[in-house]
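**Student:** Got a structure for you, questions after.
There are 2 protein chains.
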Amino acid sequence: MADSWQDRAKQKREAILAAIPLEWRIKDLPSVEEKRDVTGDYISGFLSEKEVAITETDAEKIVEKTAKGEWKAEEVARAFCHRAALAHQLLNCLHEVFFDAAIESARALDAYFAEHGRPTGPLHGLPVSLKDQFHVKDVETTMGYVGWIGTFEGKTGTGKEKVHESEMVRELRSLGAVLYCKTSVPHTLMSGETMNNIIGYTFNPKNRNLTAGGSSGGEGALIGIRGSPVGFGTDIGGSIRIPAAFNGLYGIRPSTGRLPYEGMANSMDGQNTILSVVGPLAPTLGSLRLLVKAILSQQPWLHDPLVHEMPWRDSHEREITTLLNPEDPNSGAKLCFGVIATDGIVTPTPPIRRAIDIVVNALRSQGHEVVEWQPPSHRDILDQAFKTWEFDAGTDLKGAFALSGEPMLPQVSSFSTLEKQYSAAEIVAVNVRLRELKKHYMEYWNSTAKLSKTGRCVDAVIGPVAPWPAARPEKYAYYGYTTWVNALDYTSVVVPVTEVDKKIDVVDKDYQPMDERDRTCFESYDPEIYDGAHVSLQLVGRRLQEEKMLAIAEYVGKVVGR
Amino acid sequence: MADSWQDRAKQKREAILAAIPLEWRIKDLPSVEEKRDVTGDYISGFLSEKEVAITETDAEKIVEKTAKGEWKAEEVARAFCHRAALAHQLLNCLHEVFFDAAIESARALDAYFAEHGRPTGPLHGLPVSLKDQFHVKDVETTMGYVGWIGTFEGKTGTGKEKVHESEMVRELRSLGAVLYCKTSVPHTLMSGETMNNIIGYTFNPKNRNLTAGGSSGGEGALIGIRGSPVGFGTDIGGSIRIPAAFNGLYGIRPSTGRLPYEGMANSMDGQNTILSVVGPLAPTLGSLRLLVKAILSQQPWLHDPLVHEMPWRDSHEREITTLLNPEDPNSGAKLCFGVIATDGIVTPTPPIRRAIDIVVNALRSQGHEVVEWQPPSHRDILDQAFKTWEFDAGTDLKGAFALSGEPMLPQVSSFSTLEKQYSAAEIVAVNVRLRELKKHYMEYWNSTAKLSKTGRCVDAVIGPVAPWPAARPEKYAYYGYTTWVNALDYTSVVVPVTEVDKKIDVVDKDYQPMDERDRTCFESYDPEIYDGAHVSLQLVGRRLQEEKMLAIAEYVGKVVGR
């Protein structure tokens with residue numbers, strides 16, 4: 013008799029744990045009450061001094077050291093495997109653990125270095141974590157579905173099981189990266205929290221009362237606790253930016269067609285009104301740039317039919333760095349920022365509003381211009397965007413659950429109530445309307461050249477990623493602050509700004525919620541529960557402006573002291 | 013009582029003619045039997061020497077002269093208006109005639125030149141014709157539908173009627189172009205022939221037994237007879253390349269996202285599995301380059317949300333021109349071409365096969381490599397591609413016909429028999445399959461680096477545009493030679509090669525057709541009927557390779573003596 017879904021989930025959950033060496037197990041796991049914040053000193057207590065030094069070094073500096081042979085790939089890999097193993101026990105952030113393969117590939121890199129006296133590539137010996145949509149040889153991809161265990165995307169006998177690799181995995185390997193784990197996702201991928209019937213719930217390392225975010229929540233938690241120096245997530249409605257923001261990380265949502273999604277598992281694959289994109293999350297901006305540049309050096313447009321031939325554009329980056337260089341003769345030239353304090357649909361909570369003030373004041377103090385962003389209605393954009401999630405009436409998602417009989421968790425259960433698929437004519441109507449709205453927004457953005465003192469259009473728009481610093485479990489009720497960016501296919505980079513301080517970020521008792529959803533979001537904020545959580549914002553740029561936005565985000569991070 | 017659709021069509025047809033000055037009317041229109049070929053001396057007989065000189069000058073040389081003030085914009089505009097007026101009477105190739113507005117804008121350009129001593133832009137005083145999908149101020153867009161007369165895309169009271177301009181129209185004006193007419197299309201746009209209930213049938217000027225092609229057939233006919241130096245068509249399944257090929261013209265089907273389609277009328281707008289693209293047709297390759305470069309200089313990505321920020325890339329062009337420069341020290345470096353003699357579904361007719369031999373022999377004689385192109389199945393690609401035309405079961409098209417009650421002409425009547433729309437899940441399945449097929453084709457193309465002696469991948473693929481040099485009316489039975497390019501979103505440039513010679517291009521009496529469609533195509537070729545027709549081929553390159561493919565097409569045109 014076939015095992016129940018509960019049994020299969022348990023076996024998988026135990027297999028993940030079993031892949032963690034015994035000497036890396038935590039004997040007495042602390043409760044949330046005992047230990048809300050498990051980052052920093054707490055987790056470092058389980059590591060050697062060298063392991064702490066390695067895992068608290070950012071990707072740029074790691075490859076500096078491995079490229080000179082100062083650090084061996086193997087010791088770097090071991091240190092991150094150890095910290096990732098601890099992270100998973102504290103946070104439930106891993107779906108796949110393949111430390112042995114990682115050590116083996118790290119040794120091969122060390123052997124290459126020993127023989128040739130030079131690194132294999134720009135990511136020589138850099139551990140990179142991957143969201144559990146990437147296919148890696150010898151490793152499963154469950155995407156959190158019990159029914160996908162032991163299959164290739166729910167199918168058996170495809171010949172691809174544990175053999176097929178995603179295009180970006182091939183590129184990362186050839187750049188010298190070391191792959192060692194795949195991170196947790198919410199089943200369906202369609203949630204700002206990360207939970208499934210296999211690993212349970214992924215918690216926020218900085219404040220375990222809260223979610224690590226989703227859908228790249230495992231990445232957020234793992235990198236947040238420095239169990240990975242850099243990792244890749246995906247984003248169709250905020251899924252890179254939400255976990256980046258909730259874990260105090262930088263994260264980029266590139267525009268579609270910039271980085272290769274080819275050969276990855278996905279939800280509702282083939283829905284091409286709003287495409288999911290792939291991008292990195294990391295504790296430093298330089299790490300994002302390193303990864304984006306490295307991937308583009310592989311000419312992904314020759315291997316992914318949806319990627320545009322658009323190499324890394326130094327000139328775009330230089331345009332910003334030159335403007336911002338105080339030693340440049342043109343340094344009178346400044347940037348102009350738009351700011352979204354609220355979208356008028358859901359009011360951001362106090363810590364988010366304070367973060368906006370911090371950024372605005374810091375930029376103004378440097379002589380930059382900040383103007384109110386008054387774009388065409390975000391509500392109109394969101395009305396269309398959210399339809400795309402319902403085009404197939406949940407057919408794809410329901411099919412994945414039906415494979416095992418497991419239930420949809422509450423965060424995504426609304427998909428089970430959808431009944432009628434959109435027809436072709438209904439879909440094209442959404443496509444046409446979205447194109448019109450993109451055009452309106454584009455012309456608004458063009459019009460800001462008249463508004464700004466720089467004579468240029470607004471360079472970047474500062475805005476919330478979500479109404480809260482992070483959501484409380486089962487309380488992620490609004491995606492509007494991220495999804496407008498996907499609908500318009502803009503470039504967005506998340507920048508960490510501050511932390512919740514319960515003494516400052518008090519509830520505004522006089523606030524009158526605009527409607528039920530606004531009330532839900534308002535009421536979910538509690539300074540006691542949120543105290544200490546990361547608070548981050550996003551910087552939104554126009555389509556395909558990755559170089560420019562990375563440069564601006566690095567600068568903004570600097571002026572707010574990150 | 014409302015007029016019948018017949019009356020409304022007749023009124024519109026007569027209004028088009030009425031916009032042609034009386035002195036430009038042809039008294040005794042010759043029958044096809046009397047005058048098969050109305051190009052060259054025949055049409056020149058109606059024009060002054062100066063008008064002939066102007067209208068037989070290509071776009072590059074026209075703007076050379078207008079930029080120096082050697083020719084006035086007004087005299088250039090008048091000459092092309094005159095020749096276009098003659099063309100329409102012989103071929104039924106115009107939907108909208110706005111010569112007065114053209115003369116007025118030409119005069120404004122001349123006044124600017126007189127005042128400032130320099131041209132307004134790179135297209136100063138260049139007449140440009142437009143397919144009747146472009147919206148131009150003060151001018152209707154019917155797209156061949158009786159029901160669209162007096163409306164904005166079939167709707168009234170939108171406030172856009174005769175006011176709204178397409179983005180490219182705005183750009184052409186600001187570049188200095190003179191707009192003077194809009195050209196005929198088949199109703200629905202979904203045909204390789206051009207016919208509708210307003211203007212009737214658009215004939216091929218070189219051989220009026222044949223179609224001018226479609227759906228940009230009015231452009232093909234008008235430019236073919238030199239009533240326009242350059243014009244813009246659109247292509248979702250061959251609609252730029254077919255009329256370019258049938259009229260002995262160069263024409264480029266760029267990849268999606270290169271040139272701005274924003275604000276144009278379209279069929280089945282919002283179907284975004286395979287997008288229609290816009291591109292120029294002209295008698296010389298240099299004219300295409302001039303227009304593509306000029307449009308890109310306008311940064312269309314700031315005004316069309318679907319255009320990628322990809323300026324004209326000189327380096328891409330230089331890569332080819334350097335390789336082909338005999339004075340270059342590396343001139344041992346040559347190109348490698350793939351050749352598609354047949355797709356195995358429909359066998360090309362004798363003139364097409366001879367054209368392929370001409371090109372292959374010419375290239376080999378210059379030392380280039382030509383290898384057989386053995387790609388993944390085109391049939392699989394086409395099976396998916398043709399589904400996209402039927403996604404909405406003809407809902408959009410039927411709606412346009414229902415506005416007036418006019419009938420679908422036989423070339424497109426199969427749309428009336430469609431009943432069931434595709435569901436969202438069915439559409440995504442097509443999207444996923446097409447992406448897989450693109451990936452396979454991409455990897456095949458990558459693999460040709462091993463095949464070629466150049467060490468590079470195949471630079472361009474030589475292939476037919478259609479099984480025949482041009483189709484006979486109501487005999488356009490196969491779109492496979494063009495549509496695979498749309499499905500893969502490749503760049504393609506049509507190159508004129510030769511003309512049908514009934515003495516050489518005889519029917520192969522021993523040929524055994526593979527199936528009924530192949531038989532239909534085989535039997536539609538008749539050397540007597542086809543004698544003198546243009547024979548052209550396409551050169552297909554990878555996605556977004558416009559600069560490279562224009563450079564290669566120019567070279568191929570040169571070596572075949574065009």
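Here the protein sequences come in this chain order: A and V.
Going from the first sequence to the working numbering is simple: count from 1 and add 12.
Going from the second sequence to the working numbering is simple: count from 1 and add 12.
Note that beta-carbon positions come from the ideal geometry of N, C-alpha and C, so glycine has one too.
All values reported here derive from a predicted model rather than from experimental measurement.
1) Please report whether the beta-carbon of V/Leu201 lies at a distance below 8 Å from any beta-carbon of chain A.
2) What separation, rounded to the nearest whole angstrom, lies between the Cα atoms of V/Glu173 and V/Arg25?
3) With 7 Å as the limit, tell me which residues of the segment 403-428 of chain A have their beta carbon closer than that to any beta carbon of chain V; keep them in chain order.
4) Are at least three pairs of beta-carbons, each pair with one atom in the segment 177-193 of chain A and one in the segment 83-103 of chain A, less than 8 Å apart?
5) A/Gly282 touches chain V at which residues, Cβ-Cβ below 8 Å?
6) With a threshold of 8 Å on Cβ separation, who are the neighbours of V/Asp395 within its own chain once the five nearest residues in sequence on each side are excluded?
7) In the DSSP assignment, find the unbroken beta strand (DSSP E) run with A/Tyr192 in it and report its ends.
8) Closer than 8 Å, CB to CB, is V/Ala436 near chain A or not?
9) Which same chain residues end up closer than 8 Å to V/Gln310 when comparing Cβ atoms and leaving out the 5 residues on each side of it in sequence?
10) Excluding sequence positions up to five away, which residues of its chain have a Cβ less than 7 Å from the Cβ of A/Asp471?
11) DSSP state of A/Cys469, grouped into three classes?
12) Would you mind stating whether A/Thr503 and A/Arg555 have Cβ atoms separated by less than 8 Å?
13) Nearest CA to the CA of A/Leu318: which residue from A/Leu271, A/Ser299, A/Pro338 and A/Trp324?
14) Give a yes or no on whether the minimum CB-CB distance between V/His320 and chain A is below 8 Å.
15) Identify each residue in the segment 449-465 of chain A for which the Cβ-Cβ distance to at least one residue of chain V is less than 7 Å, and report them in chain order.
16) Shortest alpha-carbon distance to A/Ala499 belongs to which of A/Thr400, A/Gln423, A/Trp457 and A/Glu455?
17) In chain order, what residues of the same chain have a beta carbon less than 6 Å from the beta carbon of A/Phe164, not counting five sequence neighbours either side?
18) Between A/Ile235 and A/Pro295, how many whole angstroms is the CB-CB distance? I'm expecting something under 8 Å.
19) I want to check one thing, is the minimum distance from the CB of V/Leu98 to the heavy atoms of the ligand ZN below 7 Å?
20) Would you mind listing the alpha helix (DSSP H) stretches within the segment 339-385 of chain A that are 4+ residues and don't spill past its ends, in chain order?
21) Check the Cβ-Cβ distances between V/Glu177 and every residue of chain A, and say whether any is below 8 Å.
22) What residues of chain A sit near V/Gln433, judged by a beta carbon separation below 8 Å?
23) At what residues does the alpha helix (DSSP H) containing V/Thr67 begin and finish?
24) Answer yes or no: do V/Leu293 and V/Ile252 have a C-beta to C-beta separation smaller than 8 Å?
25) Report yes or no: is there a C-beta of chain D within less than 8 Å of the C-beta of V/Thr170?
26) Could you work out which residues of chain V lie near A/Thr285, taking near to mean beta carbons separated by less than 8 Å?
27) According to DSSP, which residues form a beta bridge with A/Asn208?
28) Quick check: is the beta carbon of A/Glu329 nearer than 8 Å to any beta carbon in chain V?
29) Pop quiz: A/Met276 and A/His147 are said to be a contact at Cβ under 8 Å. What is the actual Cβ separation, rounded to whole angstroms?
30) Going along chain A, which residues have a C-beta under 7 Å from V/Glu231?
31) Along chain V, which residues have their Cβ under 8 Å away from the Cβ of A/Leu121?
32) Which of the three DSSP states, helix, strand or coil, is assigned to V/Ala294?
33) Within 8 Å (strictly less), CB to CB, does V/Pro360 reach chain A?
34) A/Leu314 versus chain V: which residues are under 9 Å apart at the beta carbon?
35) Anything in chain V within Cβ reach of A/Glu274, meaning under 7 Å, just list it in chain order.
36) Just curious, the beta strand (DSSP E) that A/Asp112 is in, first and last residue?
**Tutor:** If we stick to the structure as given:
1) no
2) 19 Å
3) Phe403, Asp404 and Thr407
4) Contact between the segment 177-193 of chain A and the segment 83-103 of chain A is present, because at least three Cβ pairs lie under 8 Å.
5) Ile439, Val440, Ala441, Val442, Asn443, Val444 and Arg447
6) Its chain contains no residue whose beta carbon lies nearer than 8 Å to that of V/Asp395 once the 5 sequence neighbours on both sides are disregarded.
7) Val190 to Thr195
8) yes
9) Glu183, Ser186 and Leu187
10) Excluding sequence neighbours, A/Asp471 sits near Leu347, Cys348, Phe349 and Ile564.
11) coil
12) yes
13) Among A/Leu271, A/Ser299, A/Pro338 and A/Trp324, the Cα nearest to that of A/Leu318 belongs to A/Leu271.
14) yes
15) Lys450, Lys451, Met454 and Asn458
16) Ranked by Cα distance from A/Ala499, the options A/Thr400, A/Gln423, A/Trp457 and A/Glu455 are led by A/Thr400.
17) Thr170, Lys172 and Glu173
18) 7 Å
19) The ligand content of the structure shown is nil, which means the ligand ZN is not present either.
20) 362-377
21) no
22) Ser435, Ala436 and Ala437
23) Segment Glu61 to Thr67, the alpha helix (DSSP H) holding V/Thr67.
24) yes
25) Included in the structure are the protein chains A and V, with no chain D among them.
26) Asn284
27) A/Gly212
28) no
29) 7 Å
30) Those within 7 Å of V/Glu231 in chain A number zero; the least Cβ separation is about 25 Å.
31) Those within 8 Å of A/Leu121 in chain V number zero; the least Cβ separation is about 26 Å.
32) strand
33) No - not a single Cβ of chain A is within 8 Å of the one on V/Pro360.
34) What A/Leu314 touches in chain V: Met454, Trp457, Asn458, Cys469 and Arg554.
35) By Cβ distance, chain V contributes Lys451.
36) Note, A/Asp112: premise wrong, no beta strand (DSSP E); alpha helix (DSSP H) at Phe111 to His128.
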